[in-house]
Amino acid sequence: MLGHNGNLINSEELKEEMFRQDLRHINTSSDSEVLLNVLAHELEKGSVKLRLDPQTIFSAVANVHRRCKGAYTVTAMIAGYGVLAFRDPYGIRPAVIGINETDAGPEYMVASESVAIDALGFRLLRDIAPGEAVFIDEDGNFYSQQCAPKTTLNPCIFEFVYLARPDSLIDGVSVYETRLNMGEKLAEKIRRDYKHLDIDVVIPIPDSSRPSAMQLAQGLGVAYREGFVKNRYIGRTFIMPGQAVRRKSVRQKLNAIGMEFKGKNVMLVDDSIVRGTTSQEIVQMAREAGARRVYFASAAPPVRFPNVYGIDMPTRAELIAAHRTEAEVCAEIGADALIYQDLEALKECVRKLNPRLTSFETSCFDGHYITGDVTSDYLSAIEVRRDAARDSEDESDGAQLDLNLVATG
Ligand code: PIN
Numbered sequence: 443m444l445g446h447n448g449n450l451i452n453s454e455e456l457k458e459e460m461f462r463q464d465l466r467h468i469n470t471s472s473d474s475e476v477l478l479n480v481l482a483h484e485l486e487k488g489s490v491k492l493r494l495d496p497q498t499i500f501s502a503v504a505n506v507h508r509r510c511k512g513a514y515t516v517t518a519m520i521a522g523y524g525v526l527a528f529r530d531p532y533g534i535r536p537a538v539i540g541i542n543e544t545d546a547g548p549e550y551m552v553a554s555e556s557v558a559i560d561a562l563g564f565r566l567l568r569d570i571a572p573g574e575a576v577f578i579d580e581d582g583n584f585y586s587q588q589c590a591p592k593t594t595l596n597p598c599i600f601e602f603v604y605l606a607r608p609d610s611l612i613d614g615v616s617v618y619e620t621r622l623n624m625g626e627k628l629a630e631k632i633r634r635d636y637k638h639l640d641i642d643v644v645i646p647i648p649d650s651s652r653p654s655a656m657q658l659a660q661g662l663g664v665a666y667r668e669g670f671v672k673n674r675y676i677g678r679t680f681i682m683p684g685q686a687v688r689r690k691s692v693r694q695k696l697n698a699i700g701m702e703f704k705g706k707n708v709m710l711v712d713d714s715i716v717r718g719t720t721s722q723e724i725v726q727m728a729r730e731a732g733a734r735r736v737y738f739a740s741a742a743p744p745v746r747f748p749n750v751y752g753i754d755m756p757t758r759a760e761l762i763a764a765h766r767t768e769a770e771v772c773a774e775i776g777a778d779a780l781i782y783q784d785l786e787a788l789k790e791c792v793r794k795l796n797p798r799l800t801s802f803e804t805s806c807f808d809g810h811y812i813t814g815d816v817t818s819d820y821l822s823a824i825e826v827r828r829d830a831a832r833d834s835e836d837e838s839d840g841a842q843l844d845l846n847l848v849a850t851g
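If you want the numbering used here, it's the position in the sequence shown, counting the first as 1, plus 442.
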């Protein structure tokens, strides 16, 4: 069994190669199935009379690193042997080890985020290093080994912006604290470059922007107020299929508290602007609630490039900032001013808390893909696939709206 956080960028090639060389047939379009089969094949190849020991397992992981390209944090269970976990040699996606000291000896666990370790009453031991594998056998014995010849640590900066829970520690850094820093940096930028804005109140767009908004308000010396209430029974609009469904669900998901907006100049804060659908809708909601001026701050820089390492970030055509200047994005979302975080400032927000973190995976902001092997052909191929998927989503959007009409009519 295998769980995978990330994305392989050579899964099509591997699929072919496995079919021809390894005689393995992949049944789905999931890159995790490819990863599972590469691992299974390498384990089988390295085992002596189909028996496994930690060394054989680590050699198999070394071969997985050799064959797989992209980002992957993997947890796997090898039936009859134990639990295996490993992180790609670039350390893009997070992975941690937890320990629980019992009278019968230590117990171990692995997870993407340290919150899982807290929740189960374990203690955070350390992060899994890039390229490292850990194996816990059925008797609870712990083994670990570096399985890649060359490694560097480049955590995905978007984990700090939005993906990870604020109560997690990633590579020794508190996600919450990085978000406070993001607010601090935005305040500095506004005090420096946007002195003319007359801001009465800072309002977060719940939930993940709250720490940044709090610190921004404090840095500007203005009130922090809650202006939007989130319907806790509605899922993430970010990953909902289809534009029409997304737009509608923003209204279902967030509702404005009128008194916080009436006659005020409000500064709304979100963690990021990806497609801009939420931002556009929310600016309008703030105006409808009676705001005089609506300013917008994004704790992250403009998202201009697709993410290929496991975040479902759309193609360039869908990213509001891909082909627009900041002023054009501001006009598009209908705000009176738009303040984006600078990329260097964002990196500083994390680095400040752990100076050993000198490099980050920041491709969605600067188009620099850290693994160095993301070709324009690959990017075009995902665009084509996404376009096809979007066409079929649009059809299902219609179907869903019709259903809603039937339900309410
Ligand atoms: C906020 C998540 N956050 C909100 C994710 C929306 C971009 N979106 C990224 C903003 S929370 S859009 O975690 O749910 O609190 O720009 O694509 O419309």
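Every residue gets a Cβ at the ideal spot worked out from N, C-alpha and C, and that includes glycine.
By alpha-carbon distance to Asp642, the top candidate from Met551, Arg607, Lys704 is Lys704.
Leu622 counts as buried, since no fewer than 16 other beta carbons sit within 10 angstroms of its beta carbon. The three-state secondary structure of Val792, taken from DSSP, is helix.
Counting the other Cβ atoms within 10 Å of the Cβ of Leu562 gives fewer than 16, which makes it exposed. When the beta-carbon positions are compared, Leu799 and Val792 come within less than 7 Å of each other. In terms of Cα proximity to Ile676, the closest of Asp713, Ala728, Val692 is Val692. Bounds of any beta strand (DSSP E) do not take in His507; it lies within the alpha helix (DSSP H) bounded by 496 to 509. If you draw a 10 Å sphere on the C-beta of Phe461, you find fewer than 16 other C-beta atoms in it, and that means exposed.
The beta carbons of Ile534 and Cys598 sit closer together than 7 Å. For the 7 Å CB-CB criterion, Val745 and Ala769 do not form a contact. Glu543: not part of any alpha helix (DSSP H); member of the beta strand (DSSP E) spanning 538 to 544, first to last residue. If you draw a 10 Å sphere on the C-beta of Ala546, you find fewer than 16 other C-beta atoms in it, and that means exposed. Cβ contact annotation for Gln657 (same chain, cutoff 6 Å, sequence separation greater than five): Leu622, Gly625, Glu626, in chain order. Not one heavy atom of the ligand PIN lies closer than 6 Å to the C-beta of Ile781. One alpha carbon belongs to Phe600, the other to Gln694, and they sit about 26 Å apart. Below 8 Å, enough C-beta pairs join the stretch 803 to 819 and the stretch 520 to 534 to call them touching: three or more.
With contacts defined by Cβ atoms closer than 7 Å, Val711 and Gly776 do not form a contacting pair. Contact annotation, Ala741 with Val603: C-beta distance approximately 6 Å; criterion of less than 8 Å satisfied.
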